[in-house]
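Residue numbers (this note's numbering), protein chains in the order written: chain A, 31 to 190; chain B, 31 to 190; chain C, 31 to 190. Virtual Cβ for every residue (Gly too), placed ideally from N, Cα, C.
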Amino acid sequence: MTQQAEKSTIVLFSGELDKAIAAFIIANGAAAYEQEVTIFFTFWGLNALRKDQQVPVKKGLLEKMFGWMMPRGAGKLPLSKMNFLGAGPKMIKHVMKKHNALSLPELIELAREQGVKLVACTMTMDLLGLKQEELIDGIEYAGVAAYLGDATEAKVNLFI
Amino acid sequence: MTQQAEKSTIVLFSGELDKAIAAFIIANGAAAYEQEVTIFFTFWGLNALRKDQQVPVKKGLLEKMFGWMMPRGAGKLPLSKMNFLGAGPKMIKHVMKKHNALSLPELIELAREQGVKLVACTMTMDLLGLKQEELIDGIEYAGVAAYLGDATEAKVNLFI
Amino acid sequence: MTQQAEKSTIVLFSGELDKAIAAFIIANGAAAYEQEVTIFFTFWGLNALRKDQQVPVKKGLLEKMFGWMMPRGAGKLPLSKMNFLGAGPKMIKHVMKKHNALSLPELIELAREQGVKLVACTMTMDLLGLKQEELIDGIEYAGVAAYLGDATEAKVNLFI
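Rendered as structure tokens:
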């Protein structure tokens with residue numbers, strides 16, 4: 031990758047399966063064209079980065095409640111439409127498999143292999159009581175200033 | 031339109047009336063300023079492009095279910111807020127008419143007249159089982175690579 | 031601020047507390063780096079600019095209904111997830127206070143102090159029957175053409 035590589039950034043604010051899939055398909059596409067891509071995970075978007083097993087960390091009651099209520103990882107996200115208490119995500123996963131489309135965990139893995147920078151928003155982590163041990167490996171931690179630095183240099187900036 | 035025309039792109043991911051209206055108002059405004067505008071319809075955004083009548087095409091059961099559950103065209107989209115089982119969209123359409131604002135079908139028609147490029151995401155069409163015969167005329171079909179090509183050349187890129 | 035200042039724009043379409051907070055954190059961050067930032071409030075995003083008290087203005091029945099149904103100001107917005115009939119926003123406000131994070135009204139105040147241009151979309155105001163007297167002071171009023179003018183000159187454009 032040369033120093034003149036185009037840059038793209040995506041803020042993934044939403045915690046839904048369909049939006050996360052869209053974000054990673056765009057990010058992986060841009061990375062395949064040699065772009066430097068950053069996904070900045072904030073608010074509910076952080077749920078896509080959670081490990082699927084519970085990690086023993088010390089937390090206050092409110093932080094524990096957030097932890098219980100929010101979906102634990104890419105495999106558990108709901109749909110933004112037609113969720114039907116979890117039947118919708120199963121249907122979507124089924125048709126994606128049928129069409130040999132990558133699942134969200136596979137899209138995340140591909141993004142890491144392609145060098146897409148995955149950044150967890152530290153301010154939201156503080157607010158929701160999420161600890162680094164609870165998130166998947168191979169990601170970076172930063173605040174809004176780092177995001178703005180990347181976005182100002184990028185050609186394509188999306189908020190999802 | 032000269033070769034140096036500014037470009038803009040919008041990804042319309044959402045399937046709601048209010049978001050689709052916002053997307054088309056921005057797109058038509060940019061086109062009126064001689065910009066080359068692309069709207070890339072993906073996921074639920076594709077519903078805005080469906081014909082309002084049922085089109086006889088061969089489908090599997092799951093694809094038929096998606097077809098039944100998703101709104102059939104620009105005239106049937108729900109609101110993202112205050113939908114009230116369909117009363118909200120009627121209220122919005124009523125006030126838009128009262129203020130002589132263009133309806134969504136009229137905004138789509140204007141976009142086509144102004145040369146806004148309407149692109150249906152072929153990957154989502156495969157997943158949801160939507161066929162070209164089921165979508166309105168005068169649109170193009172492409173994947174994420176085509177979107178990224180347009181977005182990288184554009185000044186304004188939005189995800190709605 | 032020099033004439034060469036970088037520019038950023040945000041369309042705040044959504045009327046939810048979490049999305050409004052995200053918009054203002056990004057806007058205030060960019061303004062702190064000497065960028066010229068515009069937030070264009072349209073559709074439900076306008077609710078963040080409403081005064082919290084009722085303002086006596088003349089309205090039709092439908093406009094009155096919109097006025098009653100929509101949240102009155104930054105202090106009353108719901109969450110996009112886990113709203114739980116208003117318990118969610120209280121939880122978020124509680125943890126934000128605990129972490130000394132600025133509340134939404136404080137973020138709006140900071141934005142005005144930093145010269146972030148807050149623009150209410152006049153077309154939506156007409157549709158929803160919102161009058162200038164009902165919105166907070168220190169904001170501007172314009173249509174989509176003004177937004178497009180700003181966005182075309184900006185490096186970062188987000189739709190939230």
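Count the other C-beta atoms from every protein chain shown that fall within 10 angstroms of the C-beta of residue i, then say buried if there are 16 or more, exposed otherwise.
| i | result |
| --- | --- |
| C:P119 | buried |
| A:K147 | buried |
| C:K49 | buried |
| B:K127 | exposed |
| B:L115 | exposed |
| C:Y177 | buried |
| A:A117 | exposed |
| B:W98 | exposed |
| B:M155 | buried |
| C:N130 | exposed |
| C:A175 | exposed |
| C:G90 | exposed |
| B:K111 | buried |
| B:G10 | Examination of residue 10 of chain B is not possible in this model, given that chain B is present from 31 through 190 alone. |
| C:L79 | buried |
| C:E136 | exposed |
Return the first residue and the last residue of the alpha helix (DSSP H) that residue i is part of.
| i | result |
| --- | --- |
| C:T154 | 152-158 |
| A:L137 | 134-143 |
| C:L165 | Premise fails: C:L165 is in no alpha helix (DSSP H) and is neither H nor E. |
| A:N58 | 47-62 |
| C:L188 | From DSSP, C:L188 is part of no alpha helix (DSSP H) but of the beta strand (DSSP E) over 186-189. |
| C:F96 | 91-99 |
| C:M112 | Element bounds for C:M112: n/a, residue is neither H nor E. |
Spatial neighbours of residue i within its chain, please: C-beta separation below 6 Å, excluding the five flanking residues on both sides.
| i | result |
| --- | --- |
| A:E36 | Q65, K185 |
| C:F189 | V41 |
| C:I51 | L134 |
| A:L47 | L107, L109, P119 |
| C:A172 | V149 |
| C:L140 | N58 |
| A:A60 | S38, V67 |
| A:N77 | G45, M100, P101 |
Near residue i, which residues of its chain fall below 8 Å by C-beta distance, leaving aside the five closest residues on each side in sequence?
| i | result |
| --- | --- |
| C:G168 | R142, L148 |
| A:E170 | K147, L148, V149, A150 |
| B:T152 | Y171, A172, G173 |
In the DSSP assignment, find the beta strand (DSSP E) that holds residue i and state where it starts and stops.
| i | result |
| --- | --- |
| A:E170 | 170-172 |
| C:G67 | Correcting the residue type first, residue 67 of chain C is Val in the shown sequence and not Gly. Per DSSP, C:V67 belongs to the beta strand (DSSP E) from 66-71. |
| C:K37 | 37-42 |
Might you give, ordered along the chain, the residues of its own chain that have their beta carbon closer than 7 Å to the beta carbon of residue i, omitting 5 neighbours on each side?
| i | result |
| --- | --- |
| A:S133 | K123, M126 |
| B:V87 | K161, E163, E164 |
| C:A181 | T39, N187 |
| C:V30 | Residue 30 of chain C is absent from the model: chain C starts at 31 and stops at 190. |
| C:M31 | Because C:M31 carries a pLDDT of 45, less than 50, the predicted location of this residue cannot be relied on, and the following value inherits that uncertainty. The answer, listed in chain order, is E64, E66. |
| A:E183 | K37 |
| C:G75 | L42, F43, S44, G45 |
Is residue i a contact residue of the ligand SAH, with contact defined as CB to any heavy atom under 6 Å?
| i | result |
| --- | --- |
| C:K123 | Of the ligands one can find in the structure shown there are none, so the ligand SAH has no counterpart to examine. |
Checking contacts by CB at 7 Å: is residue i closer than that to chain D?
| i | result |
| --- | --- |
| A:F114 | Absent from the structure: chain D. Protein chains present are A, B and C. |
* Asked: Going along the segment 172-190 of chain C in order, which residues come within less than 9 Å of chain A, judged by CB to CB distance?
  -> K185, V186, N187, L188, F189, I190
Using a Cβ-Cβ cutoff of 8 Å, what residues of the segment 58-78 of chain A are near chain C? List them in chain order. T72, F73, W74
Residues of the segment 140-169 of chain A whose Cβ lies closer than 8 Å to any Cβ of chain C, in chain order: M153, D156, L157, L158, G159
>> Any contact between the segment 156-174 of chain A and the segment 45-64 of chain A? By contact I mean 3 or more CB pairs, one from each, below 8 Å.
In response: no
Given a limit of 7 Å on CB to CB distance, which residues of the segment 76-105 of chain C reach chain B? L92, M99
* Check whether the segment 40-47 of chain C touches the segment 68-76 of chain C, taking contact to mean three or more Cβ pairs, one atom from each stretch, closer than 8 Å. => yes
Under 9 Å, CB to CB, which of the residues in the segment 126-141 of chain A have a partner in chain B? M126, K128, H129, A131
Under 7 Å (Cβ pairs) to chain A, residues found in the segment 45-59 of chain B
G45
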